[in-house]
Amino acid sequence: MAKSKAASSGEKPAPKDAGPKKKPAKQRRNSPWREIRLALIALIWLTIVAVGFIAYVAHDLPDSDSLTGPKSAPAVTLLAADGSKLASFGAHWGEFVTVREMSPLLPQAVVAIEDRRFYEHGGMDVIGVLRAIWRNITAGRLREGGSTITQQLAKIAFLTPAKSLERKVQELFLAFRLEREFSKDEILTLYLNRVYLGAGSYGVDAAAKRYFGKSARDVGLTEAALLAGLLKAPSRL
540 MAKSKAASSG
550 EKPAPKDAGP
560 KKKPAKQRRN
570 SPWREIRLAL
580 IALIWLTIVA
590 VGFIAYVAHD
600 LPDSDSLTGP
610 KSAPAVTLLA
620 ADGSKLASFG
630 AHWGEFVTVR
640 EMSPLLPQAV
650 VAIEDRRFYE
660 HGGMDVIGVL
670 RAIWRNITAG
680 RLREGGSTIT
690 QQLAKIAFLT
700 PAKSLERKVQ
710 ELFLAFRLER
720 EFSKDEILTL
730 YLNRVYLGAG
740 SYGVDAAAKR
750 YFGKSARDVG
760 LTEAALLAGL
770 LKAPSRL
């Protein structure tokens, strides 16, 4: 009777108690400011380390005034009793010749082969570095470097041949200093009078006399091209 009465009144039976409802877990969302703070902290520390390293390297830079000082001990020459030359040992340095005094073919050939943008960059040629990296990658081996004539002068005049990050940074600092203190022609003059060209010859005048029996003032086109080519391989001749 009760059952029929509930049915006739249209009331639905009360649902069974399924227990306490579980609250959905809150999704933890990372704030973007946290990543930004971490990135800023990392950047600050990297900057501190970089500045400290640069300060350490710059503190130990040599004085560019030494460019005008003695380069190295001269060669030792053995003479016969009659005064004729028997043998010569050590480094051979020719006459100091400026780019305005030597054959114009020599500096033109050297710039064309070693540093085509020499008169445009400020000591470091970014385009040349990128070009060298690309050519080395495509060749699958170390084919060429990206050092400018100014960087090469800094290396041969002040630094040791050792290859390290510290030496490379010093080379760049010295190159920038040379660009500030000397004109382009002065830098090229210093480089051409110091660079090693094989057979114990340092400087284009010594090399011209050694290989061709003439001064750097008198070399021709073929001779200038040969001397410029020796910069990459001094033992070729």
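Position 48, counted from 1, in the sequence shown is what the working numbering calls 587; the numbers after and before it change by one each time, with no gaps.
By construction, the Cβ of each residue, glycine as well, lies at the ideal position given by its N, Cα and C atoms.
Would you report the Cα separation of LEU765 and PHE712, rounded to the nearest angstrom? Numbered from 1 along the sequence shown, position 226 holds the residue referred to as residue 765. Numbered from 1 along the sequence shown, position 173 holds the residue referred to as residue 712. For LEU765 and PHE712, the distance between alpha carbons rounds to 31 Å.
In terms of residue numbering, what span does the alpha helix (DSSP H) encompassing GLY724 cover? By one-based count along the sequence shown, residue 724 stands at place 185. Checking the displayed sequence, the identity of residue 724 turns out to be Asp instead of Gly. Its alpha helix (DSSP H) spans residues 723-731.
Find the nearest neighbour of THR728 within the set LEU769, ILE580 and GLU634, judged by alpha-carbon distance. The residue labelled residue 728 in the question sits at position 189 within the sequence shown. Ranked by Cα distance from THR728, the options LEU769, ILE580 and GLU634 are led by GLU634.
Status (buried if at least 16 other CB within 10 Å, exposed otherwise) for LEU769: By 1-based counting over the sequence shown, the position of residue 769 is 230. It is buried - the Cβ of LEU769 has at least 16 other Cβ atoms within 10 Å.
How would you call PRO571, buried or exposed, if buried means at least 16 neighbouring beta carbons within 10 angstroms? Here residue 571 is taken as the residue at index 32 of the sequence shown, counted from 1. Exposed, by the Cβ-count rule.
Should LEU704 be labelled buried (16 or more other beta-carbon atoms within 10 Å of its own) or exposed? Residue mapping note: residue 704 aligns to position 165 of the sequence shown, counting from 1. Classification of LEU704: exposed, given that the 10 Å Cβ count is below 16.
Buried versus exposed call for ARG655 [16 or more other C-beta atoms within 10 Å across all chains shown]: Translated into the one-based positions of the sequence shown, residue 655 becomes position 116. By the C-beta density criterion, ARG655 is exposed, having fewer than 16 other C-beta atoms within 10 angstroms.
Residue from GLN709, GLU762, GLY739 and LYS753 with nearest C-alpha to PRO773: Indexing the sequence shown from 1 puts residue 773 at position 234. Of the listed residues, the one whose Cα sits closest to PRO773 is GLY739.
Looking at C-alpha atoms only, which residue of VAL649, SER722 and GLY679 is the closest neighbour of GLY662? Here residue 662 is taken as the residue at index 123 of the sequence shown, counted from 1. It is SER722.
Compare the Cα-Cα distances from ALA696 to each of ALA678, THR677, GLY742 and GLY752 and report the closest residue. Taking the sequence shown and counting its residues from 1, one reaches residue 696 at position 157. Ranking the options by Cα distance to ALA696, first place goes to GLY742.
Whole-Å CB distance - VAL665 paired with PHE657, under 8 Å assumed: Within the sequence shown, the letter at position 126 stands for residue 665. Within the sequence shown, the letter at position 118 stands for residue 657. Actually they are not in contact, since the Cβ atoms of VAL665 and PHE657 sit about 14 Å apart, beyond 8 Å.
Which one or two residues does DSSP pair with TYR750 in a beta bridge? Translated into the one-based positions of the sequence shown, residue 750 becomes position 211. Beta-bridge pairing links TYR750 to no other residue.
Could you name the residues of the same chain whose beta carbon sits closer than 7 Å to that of THR689, not counting the 5 residues immediately before and after it, in chain order? In the sequence shown, the residue the question calls residue 689 occupies position 150. Here the set comprises GLY662, ALA714, LEU717, GLU718 and ILE726.
ALA777 and ALA648 look like a contact to me (Cβ under 8 Å); what is the Cβ gap, rounded to whole Å? The requested residue 777 is not part of the displayed model; the chain covers only 540 to 776.
Closest by CA to LYS771, which one among SER686, ASP757, VAL636 and ALA747? Residue 771 sits at position 232 when you count from the first residue of the sequence shown. It is SER686 whose Cα lies nearest to the Cα of LYS771.
If you draw a straight line from the alpha carbon of LEU731 to that of LEU582, how long is it in whole angstroms? Position 192 of the sequence shown, counting from 1, holds the residue named residue 731. Position 43 of the sequence shown, counting from 1, holds the residue named residue 582. Each residue's Cα considered, the two are about 43 Å apart.
List the DSSP bridge partners of TYR735. If you number the sequence shown from 1, residue 735 lands on position 196. Its beta-bridge partners are TYR741.
Return the chain-ordered list of same chain residues with a C-beta closer than 6 Å to the C-beta of MET641, the five sequence neighbours on each side being excluded. Against the sequence shown, residue 641 aligns to sequence position 102. So the qualifying residues of the chain are ALA755 and ARG756.
Give a yes or no on whether the C-beta atoms belonging to LEU645 and GLY759 are separated by under 8 Å. The sequence position of residue 645 within the sequence shown is 106, counting from 1. The sequence position of residue 759 within the sequence shown is 220, counting from 1. 8 Å or more divides the Cβ of LEU645 from the Cβ of GLY759.
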